[in-house]
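Asker: Before I ask anything, here is the structure I am working with.
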Amino acid sequence: MRIVRALREFRRFLGSDRRLSFALVLSVVAALSTVTVPVLLARLTNIIFSGAVSTRLPAGDTREQAVEQLRRSGQGDLANVVETTGAVPGAGIDWDRLWAAAAVALIAIALVTITRIGSGLLVNSAVQDAIRTIRERVERKIHRLPVSRLEGGRRGEVLNAMTVDVDNMSTVIGPLFVQLPVLVLTVVAVAVALILLSPFFALIAFATIPVTAALAFTVVRFARPHMQAQWRTTSSISAHIEDVYGAHDMIAAYAGHPQTSREFDALNRRLERAARSGQAWSGSITPVLTFCNALVFVIIAVLGALKMLDGAVTLGTLQAVVMYTQQLSAPMTELSSTLPTLQSGFISFGRVRTFLGADEESEPAVDDEPVAAPGRHTLPPTVAFERVHYSYADGSPVLRGIDLTLPAGRTTALVGATGSGKTTLTGLLQRFADPTAGRILIDGEDIAGMSRSKVRSMMAVVTQDPWLFSATAGENVDYGRPTDGRAVDEAMVDSLLAGLPSGPETPVSGDSTLLSAGEKQLITVARALAADPDILILDEATSAADPRTELIIGRGLEALRNRTTTLIVTHRYSTLATADTIAVLADGRIIEHGSASELLAAGGEFARIYGRGPT
């Protein structure tokens, strides 16, 4: 029942595809045609054999006379063969019947070949389309996940779900919806044909079925946990390699290679053990079944020869029995050897299904109608946080009753110890999450009633980690908004782009070593300015910038002053000094608020941190 439920669930997950249905029809035709081939070839063999035997008999005698004469001469076995084959003494091979039988057999074989080719092409086309669709679903799912889910996971595991697991699912679709039904149909059809042809030999051939079933269930039971461990460890290795690659410079700086190598070796050994155990179980099926089938063939060959000499069966019938036995054992062997592959694919299916079933962001921005870029706005907005509370899923409070107003066209800075809630506050403003209590207003409108895409279309964000797309430097600056290049001049990065090997066309990425960290931050700031936003969020945007680069960034930001409402998260006093107002956070609360000079004069927490002079 579990298998049937799994099949139905997998079918619903993939949806319907007529190509798979047509492929199944062609495969059924191929299977039924395959079952007729042994009978047609048996007829061909009997024509040849009876003709050859007839040449050894005196011409002019009747068959009964020839048989009686052979028995009197002590050739009883040959007499039985002649009597069974229906040979006409002296007639020779009936060439007309032979060519007609050969033509029918060739047509049946050709039909099997053509239908199998057509079925294979349809299955391949349907599988590739299904896998493409699944990848698209995984990609769309990423855009629907809350930021907290992505930040809490490892990129390698997501990449593994999109590549390895999805590709592994492709090994299941064809066997599951086409080959498996055809194998079952073939076994049933061959079994019926064997029973009609010779019940005695059918019972001998059926002896392998219980052995095959027992082996299959044993392998499924014992191999499954090892395969699950194999795919879990494969995902962990992908995530580990992703982490090591992304932090290569840091690992080298701290001489961390021995530790990362030990971690990789441990994962690699775990994967080896899981794969070895799983393969040991799955690899044992074919040899055992081959032995059982060979034993059946030997028994049928010996008993068949004796029965043919007794006149109980013809040579063609014995040939058909052997072929049917092979046709019966081949699907059983293939079915048993396919089970580990199906099981592995089902495990990957479960992982992909779990990923696609993860909780989504409420009203994800990807579902909203595209929001046009606001372009040059007349007045910047006022942003107000009113009694905003926020807690993690486990109930741990992060923000406690935040009341804060970002005046229109002014720069407000947030400062506080790590974990005080600064970045959480900026995330709530972007609707990466919604407040547990309280509300956030933009020009008096609660953002909870606005679509996420509308809220985010009003903003440009620069975070502490300067992330660049794998594109040219110019494309990175212009990403997300059409621009005439003016933002590049305002940010004064034209000299930076000109100094690159190919200027704005220089290919760069987040892992590029061509640019310094400060230069990368400069490009990300320029990218934000190119959006000409209503609200600009800078979260430690100049943390890696040297004084010269920070000055360039400051001049670029000055160009938007009074036209953009800016929220800055920073620890640099030089940046804080440019803010109109500063809010000091501690334990999720605003404990001080005012300009830099006012806060220094007040002698509170801000003065304690920065009272000894600028940093």
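Under the UniProt record's numbering, read the sequence shown as residues 1 to 615, first letter to last. Ideal Cβ placement from N, Cα and C applies to all residues, glycine included.
1. According to DSSP, which residues form a beta bridge with Ile568?
2. For Asp367 and Asp532, what's the separation of their Cα atoms in angstroms?
3. How many angstroms separate the CA atom of Phe606 from the CA atom of Arg262?
4. If we call anything under 8 Å between Cβ atoms a contact, is Leu399 one with Tyr390?
5. Thinking C-alpha only, which one of Leu176, Leu515 and Thr341 is nearest Gln228?
6. Alpha carbon to alpha carbon, what distance is there between Glu139 and residue 643?
7. Can you find the residues in the same chain that come closer than 7 Å, C-beta to C-beta, to Pro380, ignoring five residues on each side of it along the sequence?
8. Could you tell me whether the segment 466-479 touches the segment 437-451, using the rule of 3 or more Cβ pairs below 8 Å?
9. Assign Ala59 to one of two classes, buried (16 or more other C-beta atoms within 10 Å of its C-beta) or exposed (fewer than that).
10. I'd like to confirm the pairing. Which residues does DSSP put opposite Gly594 in its beta bridges?
11. Of the choices Trp281, Ala105, Gly120 and Pro199, whose alpha-carbon is the least far from that of Gly304?
12. Closer than 8 Å, CB to CB, is Ala280 near chain C or not?
13. Please determine, among Arg19, Leu41, Val53 and Leu414, the residue with the shortest C-alpha to C-alpha distance to Val123.
14. If we count the other Cβ atoms within 10 Å of its Cβ and call it buried at 16 or more, is Pro331 buried or exposed?
15. Are the segment 316-326 and the segment 31-47 in contact at 8 Å, needing three or more beta carbon pairs?
16. Under a Cβ-count criterion, where at least 16 other Cβ atoms within 10 Å of its own Cβ denotes burial, should Arg132 be classed as buried or exposed?
17. Do you know whose CA, among Asp539, Ile591, Gln128 and Leu24, lies nearest Leu425's CA?
18. By the three-class DSSP mapping on this structure, what secondary structure does Phe291 have?
19. With DSSP as the reference, label Leu441 as helix, strand or coil.
20. If Thr208 and Ser329 are in contact, beta carbons under 8 Å, what's the gap, nearest whole angstrom?
21. Got a sec? Which residues, its chain only, sit under 7 Å from Ala102 by beta carbon, not counting five neighbours each side?
22. Taking Cβ positions, are Ala586 and Ala417 nearer each other than 8 Å?
23. Looking at the structure shown, is Ile93 part of a helix, part of a strand, or coil, going by DSSP?
24. CB Pro174 to CB Leu26, shorter than 8 Å?
25. Please work out which residues of its chain come closer than 8 Å, Cβ to Cβ, to Arg224, disregarding the five sequence neighbours upstream and downstream, and give them in chain order.
26. What whole-angstrom Cβ distance do Val477 and Ala530 have, given they're in contact under 8 Å?
27. Residues in its own chain within less than 8 Å of Ser595 by CB, not counting five upstream and five downstream?
28. Under three-state DSSP, which class holds Tyr610?
29. For the putative contact between Arg527 and Tyr479, defined by C-beta atoms under 8 Å, what is the C-beta separation to the nearest angstrom?
30. Do you know offhand how far Ala275's Cα is from Phe432's?
31. Compute the Euclidean distance between the alpha carbons of Gly485 and Thr570, then round it to the nearest angstrom.
32. Name the residue from Leu197, Thr171, Phe355 and Ser73 whose alpha carbon lies nearest to the alpha carbon of Ala42.
33. Straight-line CA distance for Arg137 to Leu356?
34. Between Gly92 and Gly51, which are expected to be in contact by the criterion C-beta below 8 Å, what is the C-beta distance as a whole number of angstroms?
35. With a threshold of 16 other CB atoms inside 10 Å of the CB of Ile107, please say whether the residue is buried or exposed.
Answerer: With the structure as the only source:
1. Ala413 and Leu538
2. With a pLDDT of only 49 at Asp367, under 50, the local geometry of the prediction cannot be trusted, and no value is derived from it.
3. 45 Å
4. yes
5. Thr341
6. Beyond the ends of the chain as shown, which are 1 and 615, falls residue 643; an answer cannot be given.
7. Ala408, Gly409, Asp534, Arg563, Thr564 and Thr565
8. no
9. exposed
10. Ile582
11. Pro199
12. Annotation note: the requested chain C is absent from the structure, which comprises a single protein chain.
13. Arg19
14. buried
15. yes
16. exposed
17. Asp539
18. helix
19. strand
20. 6 Å
21. Leu44
22. yes
23. coil
24. The question names Pro, but residue 174 in the sequence shown is Gly. No, they are not a contact pair.
25. Gln343 and Ile347
26. 6 Å
27. Ala579, Asp580, Thr581 and Ile582
28. helix
29. 6 Å
30. 40 Å
31. Only weak support is given to the placement of Gly485: the predicted model assigns it a pLDDT of 48, under 50, and the question is left unresolved by the model.
32. Leu197
33. 8 Å
34. 5 Å
35. exposed
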